[in-house]
Amino acid sequence: MYVAAHQFDVSEDKDTNLQQIRKAVHSAAEAGARLAVLPEAAMVAFEAGRERIRTAAEPMDGPFVTGLRELSKETGTAVIVGVHEPSGQDRVYNTNVVVDDGELVAAYRKLHLYDALGNQESEHVTPGSDTPPVVHIDGMKIGVLTCYDLRFPEVFRVLVDAGAEAITISAAWVRGLYKEEHWNTLLRARAIENTTWIVASGEVGPRNSGNSQVIDPFGVIVAGAGEETTTCYAHVEAERVRTVRAKLPSLEHRRYSVVMH
Numbered sequence: 002m003y004v005a006a007h008q009f010d011v012s013e014d015k016d017t018n019l020q021q022i023r024k025a026v027h028s029a030a031e032a033g034a035r036l037a038v039l040p041e042a043a044m045v046a047f048e049a050g051r052e053r054i055r056t057a058a059e060p061m062d063g064p065f066v067t068g069l070r071e072l073s074k075e076t077g078t079a080v081i082v083g084v085h086e087p088s089g090q091d092r093v094y095n096t097n098v099v100v101d102d103g104e105l106v107a108a109y110r111k112l113h114l115y116d117a118l119g120n121q122e123s124e125h126v127t128p129g130s131d132t133p134p135v136v137h138i139d140g141m142k143i144g145v146l147t148c149y150d151l152r153f154p155e156v157f158r159v160l161v162d163a164g165a166e167a168i169t170i171s172a173a174w175v176r177g178l179y180k181e182e183h184w185n186t187l188l189r190a191r192a193i194e195n196t197t198w199i200v201a202s203g204e205v206g207p208r209n210s211g212n213s214q215v216i217d218p219f220g221v222i223v224a225g226a227g228e229e230t231t232t233c234y235a236h237v238e239a240e241r242v243r244t245v246r247a248k249l250p251s252l253e254h255r256r257y258s259v260v261m262h
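Its first residue numbered 2, the sequence shown is counted upward by one per residue in my numbering.
In C-alpha cells form, the structure reads like this:
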C-alpha cells in the first residue's frame, strides 16, 4: 500500500483547515496514495483556546466529518485525521477518525491526555475509554493512535495483539527541550519493539515540530519530513512485517501480556 503522511500548520478556522486537508488528500491521491494520515486536532488548532475548541467541536455526523467522508469517496483515498467531538461536558473528545469510500470506518477518542511539561490537555479534553481500533484497508491491518499515546508502549502492544501490521499516529507534538529527540526516538522504538510499520503525521507551525515519518518494522526511516508543510510517501507492505518477524520473533518471546484497565 502506498501511504502519505501530510503535515501542515492547523489554523483556528475550520473551513480553512478542511480546505487544506482536501488539497493534501487530492495531491496524495494523484500521487497514488491509498491512505493519507494527517495531524491531530486538525479541525481547530489547540492554540485557539478552550472556548473556541469547545464551540467548534462537532458530532461525527457534522459537516466536518461529512466533508472528510465525501473527500474519501471523491479521491478513493482513505483518510486518518484528528477532529474535536463534543463529550457531553464542558470539554471535548480529541478524536481520530478513519474514513474510507465515503464511510466513517472508525473513531478513536484519545486515551492518554497531555498533562505534562507545562501542558494540561485535560482542562478541555475528556479522555476516551475504549480500546483503540484496528481497521482493515486493502488487506492491511492498521492501528490508530494519537500523539501522547506514543509515550505508552503498552497501548502499541494491545494493537499488535489485535493484529496490527501498521500503526498510525496523528500528532501535534509540542516543541521544547529534547522534545524532537523524544519524538524521533520513540517512533523508531515503537516500530522496532513491535516489528510493525509506523506512519506518523505531526502538525507544523510555531508551536509544533512536524517531522512526519514512515518507519519500517526493523526501525528504518523510509520517508520523512522537516518542519515545513509537505507530504512524505512510502510503500507499506504486510510482507515486510512477516519477513522481519520471522527473522526477529521478539513478539513470540514475550513473557508478559498487556491487559487494558
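Every residue gets a Cβ at the ideal spot worked out from N, C-alpha and C, and that includes glycine.
Helix, strand or coil: which one does DSSP assign to V82? strand
Length at least 3, wholly inside the stretch 29-85: the beta strand (DSSP E) runs in chain order: 36-38
Alpha carbon to alpha carbon, how far is V82 from V242? 24 Å
Separation of I143 from L188, as counted between CA atoms: 16 Å
If we require 4 or more residues per run, which alpha helix (DSSP H) segments fall completely within the stretch 120-186? 154-162
For T232, the residue or residues it bridges with in DSSP: H7
Secondary structure at V260, three-state DSSP: helix, strand or coil? coil
Please return the same chain residues whose Cβ sits closer than 8 Å to the Cβ of L249, not counting the five positions on each side in sequence. T196 and F219
V66 and L105: beta carbons closer than 9 Å? yes
Run of the beta strand (DSSP E) containing E104, from where it starts to where it stops: E104 to R110
Whose C-alpha, out of I199, Q20, I138 and G225, is nearest the C-alpha of L151? I199
Spatial distance of S202 from G211 (CA atoms): 7 Å
If we count the other Cβ atoms within 10 Å of its Cβ and call it buried at 16 or more, is R70 buried or exposed? buried
Below 8 Å on the Cβ atoms is my contact criterion, and I expect I138 with L36 to pass it. Report the Cβ-Cβ distance as a whole number of Å. 6 Å
Identify the residues that DSSP records as bridge partners of Q214: which are they? A201 and G225
What three-state label does DSSP hand T17 in the structure shown? helix
Decide if L118 is buried, meaning its Cβ has at least 16 other Cβ atoms within 10 Å, or exposed. exposed
With a threshold of 6 Å on Cβ separation, who are the neighbours of G50 within its own chain once the five nearest residues in sequence on each side are excluded? none
Just verifying my parser: in three-state terms, what is the DSSP assignment at A237? According to the sequence shown, residue 237 is Val rather than Ala. If DSSP states are grouped into helix, strand and coil, V237 belongs with coil.
Measure the Cβ-Cβ separation of V93 and T127 and say whether it is below 9 Å. yes
Per-residue burial, V89 [other beta carbons within 10 Å of its own, 16 or more giving buried]: A small fix is needed here, since residue 89 is Gly in this sequence, not Val. When all chains shown are included, G89 counts as exposed.
Do W174 and E182 count as a contact pair if the criterion is CB distance below 9 Å? no
How is the beta strand (DSSP E) around T96 delimited, first residue to last? V93 to D101
Please go through the same chain and pick out, in chain order, the residues whose beta-carbon is closer than 6 Å to the beta-carbon of H85, but skip the five residues on each side of it. M44, I54, A58 and V93
Exposed or buried, D62, counting other C-beta atoms within 10 Å across all chains shown (16 or more means buried)? exposed
Burial state of Y179, where buried means 16 or more other Cβ atoms lie within 10 Å: exposed
Do you know whose CA, among D217, G177, T147 and G164, lies nearest T244's CA? D217
Using only the alpha-carbon positions, how far apart do A108 and V215 sit? 22 Å
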